[in-house]
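Under full-length UniProt numbering, the sequence shown has 123 at position 123, and the numbering climbs by one with no breaks. Where is the CB? At the ideal position from N, CA and C, for every residue including glycine. Nothing here was measured: the structure is a model prediction, and the numbers come from that model.
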Amino acid sequence: MEKLVVDNGSYCNDDVLNSVERILTLEYYKPKSYDDKNDKEKNKTEFAKLGGQTLIEIGNNKEYRFNKEISELLEKDHGFKKLFVDVIKAGLLNAREYDKENIFTIEKRYTRSDVNRLLNWQRKIPAQSIGGYFIENGYCPIFVTYVKSNDIEDSIKYEDRFISNSKIHCYTKNGRKLGKGETLKMFAGVSEGNPKLTYLLFVKRSDAEDDDEFVYLGTGKVTADSLKQEYREIDKKGKLVNTPIVSYDLKLDIPVSLARYRMLTERSNE
């Protein structure tokens with residue numbers, strides 16, 4: 001199966017195939033607490049909205065078959081079959097535009113949900129829970145909206161900014177202290193020059209111009225001497241509260257193209 005996928009121009013390995021299985025069986029769309037929910041709550045989940053049943057059956061030797069309903073539609077409904085095949089052909093053509101040697105392709109656009117899925121995470125995590133970054137399975141994708149909307153709360157207007165086309169200054173979420181809790185995991189091994197996470201940078205200029213999609217700008221490394229404990233005054237119910245936050249610099253393995261760099265930064269400095 002892996003060879004078939006690679007031969008058709010797509011990135012693939014065992015983790016990808018396992019992820020595909022979870023998606024096609026819809027297990028990927030079950031929230032972590034699914035089994036603890038009542039029937040009414042279960043019916044509101046994405047798993048239920050997508051049909052609540054596996055799209056495929058998996059044999060003992062890892063052979064894949066569509067479920068009975070899909071198999072019958074493909075056999076008897078020629079209109080359905082034509083649309084079905086067209087979607088697959090379109091997907092294969094689209095795959096040719098992507099780097100089949102790597103999970104993500106520099107300069108291509110991805111939503112948080114795309115990143116969640118392509119990193120082969122066990123289940124779909126709501127975009128709002130991912131926020132500006134998320135740590136899972138050895139990866140830390142970082143999402144930066146360069147020009148913040150006036151409509152969002154001041155508490156989440158993080159001042160991420162490019163220092164150059166190869167380095168960006170970033171912030172953790174509010175309430176984080178250096179050397180404690182989440183930051184121990186986020187920056188594990190950085191001071192020793194042996195980071196435990198792979199950092200992936202996704203940037204969009206603004207919500208107004210780019211909607212939910214971010215441009216992938218590549219992997220990078222957190223520079224150890226840039227880690228800094230800071231504090232921000234945040235309005236909480238009319239009272240300014242001094243809130244901890246950690247800042248750091250991410251040095252990109254491949255500098256951002258000058259055209260992209262200017263597009264992201266120049267107008268925001270006007």
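Asked, Found
"Which whole-angstrom value is the C-beta distance of Gly9 and Ala90, which I expect to be below 8 Å?", "The pair is not a contact, with the Cβ atoms about 13 Å apart (cut-off 8 Å)."
"Rounded to whole angstroms, how far is the Cβ of Thr105 from the Cβ of Tyr216, which I believe are closer than 8 Å?", "7 Å"
"Tell me the DSSP bridge mates of Tyr199?", "Cys140 and Gly220"
"Where does Lys204 land, buried or exposed, given buried means 16+ other C-beta within 10 angstroms?", "buried"
"If contact is defined by three or more beta carbon pairs under 8 Å, each pair taking one atom from either stretch, is the segment 183 to 202 in contact with the segment 71 to 83?", "no"
"With Asp235 as the anchor, note down where its beta strand (DSSP E) starts and where it stops.", "Lys228 to Lys236"
"So Phe47 is in the alpha helix (DSSP H); what residue range does that whole segment cover?", "Glu46 to Lys49"
"Cα-Cα, which of Ala48, Arg65 and Glu213 is closest to Asp114?", "Glu213"
"For Ile245, which beta-bridge partners are listed by DSSP?", "Glu230"
"Considering Ser164, what are the terminal residues of the beta strand (DSSP E) in which it resides?", "Arg161 to Ser164"
"In chain order, what residues of the same chain lie with their CB nearer than 7 Å to the CB of Tyr64, ignoring the 5 residues before and after it?", "Ile56 and Ile58"
"Taking a contact to mean a Cβ-Cβ separation below 8 Å, would you say Ile245 touches Thr172 in this structure?", "yes"
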